[in-house]
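Down below is the structure, laid out as structure tokens.
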Amino acid sequence: MEERVRSLAGWQDLIRERFVALDIRSGADPAVRGRVESHAVGPLVVADVRSVAQTFRRTSGLIARHGEERLQVGLVRAGDIQLDQDGRTSRVPPGSFVLYDTTRPFTWTMTGDWRMDVFTWPRETVPIADRRLPSLTSHPVRDGASAVVARAALTELTRIGAVDGVEGVQLAGRVADLVLAAVDLRAPSDLLRQVLDLIEVRLDDPVLCPETLARACHLSLRSLHRLFADQPRSLSRWIRHRRLERARTELVAVPDRPIAVVAARYCFSDPTVFARAFRDEFGCSPRDVRHGAADRAPTGRPGISYCS
Numbered sequence: 002m003e004e005r006v007r008s009l010a011g012w013q014d015l016i017r018e019r020f021v022a023l024d025i026r027s028g029a030d031p032a033v034r035g036r037v038e039s040h041a042v043g044p045l046v047v048a049d050v051r052s053v054a055q056t057f058r059r060t061s062g063l064i065a066r067h068g069e070e071r072l073q074v075g076l077v078r079a080g081d082i083q084l085d086q087d088g089r090t091s092r093v094p095p096g097s098f099v100l101y102d103t104t105r106p107f108t109w110t111m112t113g114d115w116r117m118d119v120f121t122w123p124r125e126t127v128p129i130a131d132r133r134l135p136s137l138t139s140h141p142v143r144d145g146a147s148a149v150v151a152r153a154a155l156t157e158l159t160r161i162g163a164v165d166g167v168e169g170v171q172l173a174g175r176v177a178d179l180v181l182a183a184v185d186l187r188a189p190s191d192l193l194r195q196v197l198d199l200i201e202v203r204l205d206d207p208v209l210c211p212e213t214l215a216r217a218c219h220l221s222l223r224s225l226h227r228l229f230a231d232q233p234r235s236l237s238r239w240i241r242h243r244r245l246e247r248a249r250t251e252l253v254a255v256p257d258r259p260i261a262v263v264a265a266r267y268c269f270s271d272p273t274v275f276a277r278a279f280r281d282e283f284g285c286s287p288r289d290v291r292h293g294a295a296d297r298a299p300t301g302r303p304g305i306s307y308c309s
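According to the numbering used here, the residues represented by the sequence shown are 2 to 309, in order.
Written out as structure tokens, the structure reads:
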């Protein structure tokens, strides 16, 4: 089934009907247009969603009024997309998928045209303890054997069309298992999470480095580096990455603050070095980000995107 709309009100109604109740805010263009094409695989709803710049918010008030207990996975096909849930703000690049839970607040931010496959399971059909879910949400998954297998299974579900009966139920359950296995490998351990939290509150500390972090965490330097052995970035690269992300957020949020001041705040004493590192990380200059900020939807509050 395919439906298209060309108004914000129509889009909000369509999203509520197909998924859950959301507060939707348009981006620069108030004339929201969108398309949803969906089919069922047993209890699982598989949807191809395409639209323009906007923000989806699942608020506590909407949860209280509408309930709708679902587990959802977003597989990004195109666009600049960010998910915020359970204290983590994560950019979800094309080719990545991410788990989120409709029983707790979340925010999706899309800064331009986008396309995402959305997979929606009724909560009761996925056998996972409620206490585990907050540690698994908002972790983009892309690399590794489990991620490749899960993404292939999700992609195949978009192609095969509707599947009903016992086969549909079993297929939906098996794909959920593959997704959870991949996400579980991606979620940080409790100790790694503590280290990442400490990094987050000290990003503007010029003495923050592996040695001072090891002392603060009462770990040997070798043990600290071992925590990052299976992560996409080393410890030093993670600190640099988060400083650059924080600087990027501040450049947009405080447009009158000089770029050199923002760079220095996040421990880049040389503006040229900062500009080069920024371009390497984001593919554009700090000035480009600042000048383009007025044309983009809000990027959401800064937070921890664990080694994404």
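Beta carbons are placed, not taken as given, at the ideal position from N, Cα and C, and that holds for glycine.
Quick test of your reading: A215 and S221, contact by CB under 8 Å. State the CB separation rounded to the nearest angstrom.
7 Å
If you draw a straight line from the C-alpha of V127 to the C-alpha of V262, how long is it?
49 Å
Which residues bound the alpha helix (DSSP H) around I64?
61 to 67
Per-residue DSSP class, three states only, for S39:
strand
Where I16 falls: helix, strand or coil (DSSP):
helix
Distance between R223 and A29 (C-alpha atoms, nearest Å)
48 Å
At least three beta-carbon pairs within less than 8 Å, the region 20 to 36 to the region 75 to 89:
no
Pick from L155, I200, C210, L197 that is closest to A183, judged by C-alpha positions:
L155
Which residue marks the beginning of the beta strand (DSSP E) containing P123, and which one marks its end?
115 to 123
What are the boundary residues of the alpha helix (DSSP H) that F283 is part of?
272 to 283
Which residues bound the alpha helix (DSSP H) around R241?
236 to 254
By DSSP, does A148 sit in helix, in strand, or in coil?
helix
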